[in-house]
Amino acid sequence: MPPFEPVLLEAIGTPESHTIASYRARGGYAPFEKLLAEKQPVDVIELVKSAGLRGRGGAGFPTGLKWSFLPKDHPGPVYLCVNADESEPGTFNNRILMEDDPHQVIEGTMISSYATRATTAYIYLRYEYPHAWDRLQAAIDEAYAAGLLGKNIKGSNFSLDIYLHRGAAAYICGEETGLIESIEGKRAWPRIKPPFPAIEGVFRKPTVVNNIETMACVAQIARRGVDWFRSIGVPADPANPRDPGSYGPKLYCLSGHVEKPGCYEAPLGITLRELINEYGGGVWKGRKAKAAIPGGISMGLMTEAEFDTPLDFKGPGTVGCMGLGTAAVVVIDETVSIVDFLHNSCRFFAHESCGQCTPCREGTNWNLRILERIRAGKGRLKDLEILLENGTTMGMMPGSTICGLADGAAWPIKNVIHKFRDEFEDYIKRTNPEGWMVTDPVPALQIVGAH
Amino acid sequence: MPTVIVDGREIEIGADERLNCIEAARRAGTEIPHYCWHPGLSVVASCRMCLIEVGSRDAETGKISMVPKLVPGCQTPAKDGTVIVTQSSTVIESRARVEEALLIDHPIDCPICDKAGECLLQDYHFEHGKAERRADILPFTSKKRDVGPTVTLFADRCIMCTRCVRFTREVSGTGELMVNSRGSKEEIDIFPGYPLDNKLSGNVVDLCPVGALGDKDFLYQQRVWFLKRDEGVCGGCSAGCSIHVEHNQDTVYRLKPRENQHVNKWWICDEGRYGWHHLHDPQRLVEPTHRQSGQSLPTEWSHVVSELRANLNAAVSTGGRLGVAVSPMLTVEEAWMLCTLAREIDPQALLAVGHVPSRGEDESFPGGFTIRGEKCPNRVGVEHVIAAFDPTVPKWESLLESVEAGRCSAVWITAAYPPAGSRPAAESEPWIDEATAARVARLCEQTGTCLVVQDLFESPLSAHATWLLPAAGFAERSGTWVNHAQWAQHFERAIRPPSGVWPEGRLFWNMLGRRGLYDPAAIRREAAAASTALAALAEDLPSVGLDLRLQQLATT
């Protein structure tokens, strides 16, 4: 396989890559100016649609299609929110983009705003990214100074203001309607849908929420064209008219037990094994991999035997994972206990559940307590049934919650217990030889501080 | 007409009605359990107790297609062809699971919880929950604390339906309550230094489906299953909010709002809610007294019935008039009897509207609730009654002027005003000040005019009364009140008055020489026949009352 020439990350490592001068030297902002002068917003939507760009935030929804859901001839204002609340464990590609090439993100935001007729764009940044905040704010200031933002940009009718908005470090703020509530200054409790943000979003106005990496892709599509974008990745399955394909480059965040963790750009469809071996330098210390998360903890686990699955929008789903997610690959080696892994996963979601819907609020906590008890040597086989029941009944898909956080909390549970049930049962029988078969309710353990 | 199918039953709903599935199912007689949804608040769909299966029936083919997952009934609109399934195994299991989840963190301290007996968590668990507890988690702990002058918060019992939070944001507009922390550790709280202190604060206790918010006034006073509940009307102001009077053994324990979309929606104000304590105030007048030769002596009601009338007859035979102040605390029926009686004694008796207490301006809240500045429930009704006898409808002031001018040889003042606010009578200003009382009393004492005062408490006026008669409180009368907007509501007495007190209606009935027990309905029919304004009262009123103007329009 020929080494892939990075595009989204082309400037990373070059000196002064975060400045407007560097970005201009690479051909940046010229595509925006050209589109602004020559194309109508609908043409830009068509451009992105025909490129087949799918949202990079996790769900993989076609970006152009999302834009076209905005009401036609709305008197405005229309808002664009750029989701930089990158909180999925293992994910850090947005940070690289914002810190080292912020102008790429901002140009994408400008083009997207032009396409959606948004005159205000919010970049919702998570609290833990102070460096990204500084770099983005400096870049926005540079863009204003260069006349690329503000009123009547470059003599056109198009005006745009970009605001940086910083959250207070909650996972739920990455959910698009939670993010909208947070921008409005409220507690980030996801809204009930419908109405979807395209109809009623920020301040009850039509709103598009896109990911930072999606913005970078938009900038690159504008610069390099649709054909370039469609030449990368996995084409749509002609036998399935509902498959939008997986086109374009993708930033994979490789971490965990690999020799060279990092953010790597590769065409969509690279297999997990290729990623680990060719980019990550293999599993660390020469050990054998046990499993890997394909795209953030909420997607579930791929076992070592499933490592040849392509990491496109479709691939992880074929092996029981929820999807590609954020393409954050975390490799765990053979020495890791799968009970510990699931405990850590449950701890995260119990901590981050916003507490709005009963099944998620109580279910994530219950799951965590069960895992704590199993690790304390008091597990029972019956606990696996309870975990599985919680795992299959929590979430937006069965309809028991408002947002997808519960689906993300539930997926690793059912996925891991299905794939590693033997290890769980062995662990429980080994650590609780007296009581593993008990099915009566057990007395509560004193709560151990988990946070 | 749009048709909704609820568990196989077809129900027609109004063409322009915007119902959700809970409301539509209720029309079909099916209750979908719910915690967070309340018709007076915004929809959050967060408790997930109302999850149901829905689908739609194609109008042409009749084919039903179901949504492949559960949806919240509160959030899902019921439209033509909507299919609602509330009893499938998926729905039943989902309800059991939500109940199980809610009880994971709950202390289950029902034996010491005031809500026990009227708690939705209990009721729904009994109906929809499972007997076995599978979760091995210690309950959430959080100290009980005062969140304001009227409400105590037991955060450990809370199920996070956030009704109270939404109430303070959407109805009272004060926004004191908020959600603190996250996930299973979250709890309702106030912002430090900003207690829940607004004029509608007590409503959050009614909204709470569990025992998390306790009304300090009611806390630990009575088990709810001992309480009897009667429909009543609040006498605190001219809004005339519909209430439930909850009492046991002739003692009121609390007032609760009763839903009435025409008057108070689902709410009442704190002044009304806590405005019943005067009923059991030890300072209340409880026996009639008659002053003879400068000495006030207790007397019997039978004596009052015969002697008072003779006394008044004798007074008007001297050529003066009988002046009557008809209190706006009286019901329409009582006012009607009083006016009839007065005109029997003196065909030219001066009938005036009694003192109309008022404090401050009307106060409106964002949720569409208004507390009226006029602090009596029936000025409008009394005016209608007097208008049937005297179209000029004299006011309190004109009665005072007549007395001062020496035109009255007998004065009968009905009062029955509760103490201002919800304070004990001893700490409250009397309804009439010394100066005004003196205007009446000075002349009465000089000329020996017969002064009859009917009141709840002693006042500057009562010291001068020839006849001082105890009056009934609002929960002790029966009859009809007409609020500021001509909305008439009927109510029956909830408790008996203290021993020795005859409600005004009973006295007037007996003084009129009518037989048997006081029958408000008979009086109401008489008044309706004689007065166009009151014509609507001829029939039995619906429990939410009716608008008097509709009937007036119909008859004019």
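Listed in order, the protein sequences are those of chains A and B.
With the working numbering applied, the first sequence corresponds to residues 1 to 451, in that order.
With the working numbering applied, the second sequence corresponds to residues 452 to 1007, in that order.
Note that CB positions come from ideal geometry on N, CA and C, so glycine has one too.
Note that this is a predicted model, so its numbers are computed, not measured.
Does DSSP put residue i in a helix, in a strand, or in coil?
i, result
"Phe925 of chain B", "helix"
"Pro257 of chain A", "Reading off the sequence shown, one finds His at residue 257 of chain A, where the question assumed Pro. His257 of chain A: coil per DSSP, three-state reduction."
"Phe942 of chain B", "strand"
"Tyr279 of chain A", "helix"
"Met517 of chain B", "strand"
"Trp932 of chain B", "strand"
"Ser246 of chain A", "strand"
"Arg191 of chain A", "coil"
"Arg951 of chain B", "In the sequence as presented, Arg is not what sits at residue 951 of chain B; that position holds Gly. Of the three classes helix, strand and coil, the one that applies to Gly951 of chain B here is coil, per DSSP."
"Gln937 of chain B", "coil"
"Gly108 of chain A", "helix"
"Lys707 of chain B", "strand"
"Glu181 of chain A", "helix"
"Arg469 of chain B", "coil"
"Lys285 of chain A", "helix"
"Cys217 of chain A", "helix"
Could you check how far apart the C-beta atoms of residue i and residue j are, in whole angstroms? I think they sit under 8 Å.
i, j, result
"Ile639 of chain B", "Cys615 of chain B", "6 Å"
"Arg380 of chain A", "Trp436 of chain A", "6 Å"
"His103 of chain A", "Ile221 of chain A", "Not confirmed; about 16 Å, so no contact."
"Tyr480 of chain A", "Arg166 of chain A", "Outside the displayed span of chain A (1 to 451) sits residue 480 of chain A, for which this structure offers no information."
"Arg460 of chain B", "Ala479 of chain B", "5 Å"
"Gly453 of chain A", "Gly404 of chain A", "Given a span of 1 to 451 for chain A in the structure shown, any question on residue 453 of chain A remains unanswerable."
"Asp668 of chain B", "Lys707 of chain B", "About 12 Å separates the two Cβ atoms, so there is no contact after all."
"Ala219 of chain A", "Gly108 of chain A", "4 Å"
"Val331 of chain A", "Ala292 of chain A", "4 Å"
"Pro845 of chain B", "Leu801 of chain B", "6 Å"
"Asn415 of chain A", "Gly320 of chain A", "6 Å"
"Val661 of chain B", "Ile610 of chain B", "5 Å"
Answer with yes or no whether the minimum CB distance from residue i to chain A is below 9 Å.
i, result
"Gly580 of chain B", "no"
"Asp587 of chain B", "yes"
"Ala476 of chain B", "no"
"Asn471 of chain B", "no"
"Ser545 of chain B", "yes"
"Gly465 of chain B", "no"
"Asp1093 of chain B", "Lying outside 452 to 1007, the shown extent of chain B, residue 1093 of chain B is not represented and no answer is given."
"Ile610 of chain B", "yes"
"Cys498 of chain B", "yes"
"Arg944 of chain B", "no"
"Met517 of chain B", "no"
"Met629 of chain B", "yes"
"Gly634 of chain B", "yes"
"Leu521 of chain B", "yes"
"Arg705 of chain B", "no"
Report yes or no: is there a C-beta of chain B within less than 9 Å of the C-beta of residue i?
i, result
"Asn210 of chain A", "no"
"Arg359 of chain A", "The question names Arg, but residue 359 of chain A in the sequence shown is Pro. At least one chain B Cβ lies under 9 Å of Pro359 of chain A."
"Ile20 of chain A", "no"
"Ile199 of chain A", "no"
"Trp189 of chain A", "yes"
"Pro15 of chain A", "no"
Does the CB of residue i have a neighbour CB from chain E at under 9 Å?
i, result
"Gly379 of chain A", "In summary, chain E is missing from the structure at hand, where the protein chains are A and B."
Entirely enclosed beta strand (DSSP E) segments - the region 21-103 of chain A, minimum 3 residues = The region 21-103 of chain A contains these whole beta strand (DSSP E) runs: 79-84.
May I have a chain-ordered list of the alpha helix (DSSP H) segments no shorter than 4 residues that lie completely inside the region 583-628 of chain B?
-> Taken in chain order, the complete alpha helix (DSSP H) segments of 4 or more residues contained in the region 583-628 of chain B are 614-621.
Complete alpha helix (DSSP H) runs within the region 719-807 of chain B (minimum length 4 residues, chain order) | Whole alpha helix (DSSP H) segments, 4+ residues: 721-724, 752-767 and 783-796.
So, do the region 734-743 of chain B and the region 976-994 of chain B have three or more beta carbon pairs nearer to each other than 8 Å?
-> Output reads no: the region 976-994 of chain B does not touch the region 734-743 of chain B.
Output the residue ranges of the alpha helix (DSSP H) runs that lie fully inside the region 832-901 of chain B and measure 4 residues or longer, sorted by chain position.
-> If we require 4 residues or more, the alpha helix (DSSP H) runs fully inside the region 832-901 of chain B come out as 847-855 and 885-898.
Is there contact between the region 254-267 of chain A and the region 312-332 of chain A, where contact requires at least three CB pairs shorter than 8 Å?
-> Yes: at least three Cβ pairs fall under 8 Å.
Counting Cβ pairs closer than 8 Å, one from the region 808-826 of chain B and one from the region 680-693 of chain B, do we hit at least three?
-> Touching, yes, given that three or more Cβ pairs across the two stretches are closer than 8 Å.
Secondary structure, beta strand (DSSP E): runs of 3+ residues fully inside the region 525-566 of chain B | The qualifying runs are 533-536.
Of all the alpha helix (DSSP H) runs that stay within the bounds of the region 301-356 of chain A, which reach a length of 4 or more residues?
-> You should have 338-352.
Answer yes if the region 425-435 of chain A comes into contact with the region 345-360 of chain A, meaning at least three C-beta pairs across the two stretches below 8 Å, and no otherwise.
-> As far as the Cβ criterion goes, the region 345-360 of chain A does not touch the region 425-435 of chain A, which means the pair count is below three.
Counting pairs of Cβ atoms below 8 Å between the region 484-503 of chain B and the region 546-558 of chain B, do you hit three or more?
-> Contact between the region 484-503 of chain B and the region 546-558 of chain B is established, with three or more Cβ pairs separated by less than 8 Å.
Answer yes if the region 709-723 of chain B comes into contact with the region 748-765 of chain B, meaning at least three C-beta pairs across the two stretches below 8 Å, and no otherwise.
-> Result no; under three Cβ-Cβ pairs closer than 8 Å.
Touching or not, the region 828-838 of chain B and the region 791-807 of chain B, by the rule of three or more beta carbon pairs under 8 Å?
-> The region 828-838 of chain B, when compared against the region 791-807 of chain B, does touch it at the 8 Å Cβ threshold.
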